[in-house]
Amino acid sequence: MKACQTAPRFRSTVRNLFDSILPRSTDTNSGGGHTLAPLLEQYGFDPAQHQQIQAGLKSGCLGLAQNRQPSSTSIEDVLPEDVFDATHRFPAGIAMLE
């Protein structure tokens, strides 16, 4: 970081990095023609679900601490009798998946 402050050839490095990540709009009045609401709608943002998740995070119902198995959980390797091989029994279904 010091090099970009002291060495002339690195002065624009940080600005160029941020411009490549967050490009500046050429039209300062319209924000480049993009507003947040249409972008959120275009990419399937669900405001109700967002509020539920946000409330869960704030209340402590959601989070890394809740993303754990109880210490009493037993984790074992899968045994051959636990697996059902449907590749020979349902060849039409397998062909559809391929």
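For the sequence shown, our numbering assigns the number 2 to the initial residue and increments by one for each residue that follows. For each residue, glycine too, the CB sits at the ideal point set by N, CA and C.
Integer-rounded CB distance, given that residue j should sit under 8 angstroms from residue i
{"i": "Ile54", "j": "Leu63", "result": "7 angstroms"}
DSSP three-state assignment for residue i, whether helix, strand or coil
{"i": "Phe11", "result": "helix"}
{"i": "Glu77", "result": "coil"}
{"i": "Ser72", "result": "coil"}
{"i": "Leu18", "result": "helix"}
Residue span of the alpha helix (DSSP H) that contains residue i, given as start and end
{"i": "Ser60", "result": "48–60"}
{"i": "Glu82", "result": "First-last for Glu82: undefined, no H or E at that position."}
{"i": "Ala66", "result": "Taken as a continuous stretch (DSSP letters only), Ala66 belongs to no alpha helix (DSSP H), as it is neither H nor E."}
Residue i: CB within 6 angstroms of a non-hydrogen atom of the ligand SAM
{"i": "Asp86", "result": "Among the components modelled here there is no ligand, and therefore nothing to report on the ligand SAM."}
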